[in-house]
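**Student:** So that we are looking at the same thing, I have put the structure below in structure tokens.
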Amino acid sequence: MEVKFPGVDGKEVFLDLPNSYFDRGYKKGKEEGEERLRRFIVNLLKNQVDVKLIAQASGLSEDEIMKIKRQVEGQEP
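Note that my numbering has the sequence shown beginning at 6, numbered continuously upward.
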């Protein structure tokens, strides 16, 4: 958030203030998006979609997909 006010020499000065509501909302939205992507990937893995295809479609690396796959396999009996 930018706030402008008259400076000492009469020129306007801009002060950039942090917008804590925006920052918190952005962070929460990013976390929710990442969790939603993870759940989507888990569903694809459970339906035996190829890891390489998931990586191409999601933008994550095959290593990241394999890490999620190992986590999921560790949770299931």
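Glycine included, every Cβ here is placed at the ideal spot set by N, Cα and C.
Quick check: what's the CA-CA separation for residue 30 versus residue 44?
**Tutor:** Distance between the alpha carbons of residue 30 and residue 44: 21 Å.
**Student:** Measure the alpha-carbon distance for residue 28 versus residue 38 and round it to whole angstroms.
**Tutor:** Near 15 Å, if we compare the C-alpha coordinates of residue 38 and residue 28.
**Student:** Give me the Cα-Cα distance between residue 49 and residue 24, rounded to the nearest whole angstrom.
**Tutor:** For residue 49 and residue 24, the distance between alpha carbons rounds to 38 Å.
**Student:** Looking only at its chain, what residues have a beta carbon closer than 8 Å to the beta carbon of residue 77, apart from the 5 residues adjacent to it on each side?
**Tutor:** So the list reads 47, 50 and 51, once near-sequence residues are dropped.
**Student:** Are the CB atoms of residue 67 and residue 57 within a distance shorter than 9 Å?
**Tutor:** Contact: yes.
**Student:** Per DSSP, what kind of secondary structure is residue 55 in: helix, strand or coil?
**Tutor:** Reduced to three states, the DSSP call for residue 55 is coil.
**Student:** In three-state terms, what does DSSP make of residue 48?
**Tutor:** Note: residue 48 maps to helix in three-state DSSP.
**Student:** Expressed to the nearest angstrom, what Euclidean distance is found between the alpha-carbon atoms of residue 73 and residue 41?
**Tutor:** Using only the alpha carbons, I get a separation of about 13 Å.
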